[in-house]
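Engineer: The structure under discussion is supplied below as structure tokens; questions concerning it will follow.
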Amino acid sequence: MYDVAGVRSVANLAPVRGVESIRGVSEGAVSGEKGVEGKGFTEVLAEAAKGARAEENAAIESVEAFAQGRTGVHEVMIAQERASIALRYAVTLKNRAIEAYRELMNTQV
601 MYDVAGVRSV ANLAPVRGVE SIRGVSEGAV SGEKGVEGKG FTEVLAEAAK
651 GARAEENAAI ESVEAFAQGR TGVHEVMIAQ ERASIALRYA VTLKNRAIEA
701 YRELMNTQV
């Protein structure tokens with residue numbers, strides 16, 4: 601079988617940042633409420649971009665630590681996957697913004 605004695609628990613991994621903050625934006629948009637308290641879409645998109653960059657930097661640092669023998673390959677893979685998820689989240693937000701803009705531009709007045 602496989603030896604997993606060196607693998608640390610993944611229970612201490614933090615959830616993807618930014619997911620909770622987008623809920624308030626989408627709920628207000630769907631319900632049609634005006635003056636919804638919370639962050640604007642620009643702020644959410646900026647935070648997603650910052651989060652993606654931070655995760656990318658953490659992944660780069662984990663690769664460097666692995667090259668120096670300070671960490672294991674499993675930690676590198678976890679950091680790489682977290683960076684990938686953060687980037688996909690930011691790209692999804694960007695795509696939805698573009699889609700909403702196009703829909704507004706195609707609206708007949």
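Going letter by letter, the sequence shown gives residues 601 to 709 in the working numbering.
Idealized CB from N, CA, C, for every residue including glycine.
Just so it is clear, the structure is predicted and the values come from calculations on it, not from any experiment.
May I ask you to verify whether the region 683-691 touches the region 654-662, counting CB pairs closer than 8 Å and requiring at least 3?
Structural biologist: The region 683-691 vs the region 654-662: in contact.
Engineer: Roughly how many angstroms separate the alpha carbons of Gln672 and Leu645, rounded to a whole number?
Structural biologist: Strictly speaking, residue 672 in this sequence is Gly, with Gln absent from that position. Straight-line Cα distance between these residues: approximately 33 Å.
Engineer: What number of angstroms, rounded off, separates the C-alpha of Phe641 from the C-alpha of Ala697?
Structural biologist: Phe641 and Ala697: Cα-Cα distance of roughly 9 Å.
Engineer: Report back the beta-carbon spacing between Ala690 and Ala649 to the nearest angstrom; my notes put them in contact at under 8 Å.
Structural biologist: Ala690 to Ala649, Cβ: 5 Å. Contact.
Engineer: Give the DSSP-derived three-state secondary structure of Glu709 in the structure shown.
Structural biologist: Residue identity differs from the one stated: residue 709 is Val in this sequence, not Glu. Residue state, collapsed to three classes: coil.
Engineer: Can you say whether Leu704 is buried or exposed, counting buried as having 16 or more other CB atoms within 10 angstroms of its CB?
Structural biologist: It is exposed - the Cβ of Leu704 has fewer than 16 other Cβ atoms within 10 Å.
Engineer: Leaving out five residues before and five after Arg702 in sequence, what residues of the same chain have Cβ atoms less than 8 Å from its Cβ?
Structural biologist: For Arg702, where only same-chain residues beyond five positions count, there are no Cβ hits under 8 Å.
Engineer: Measuring CA to CA, which of Val663, Gln668 and Thr692 is closest to Val679?
Structural biologist: It should be noted that the sequence gives Ala, not Val, for residue 679. Nearest C-alpha to Ala679: Val663.
Engineer: Does the beta-carbon of Gly669 have 16 or more other beta-carbons within 10 angstroms, so that it is buried, or is it exposed?
Structural biologist: Classification for Gly669: exposed.
Engineer: Cα separation between Glu647 and Val709?
Structural biologist: The alpha-carbon atoms of Glu647 and Val709 are separated by roughly 33 Å.
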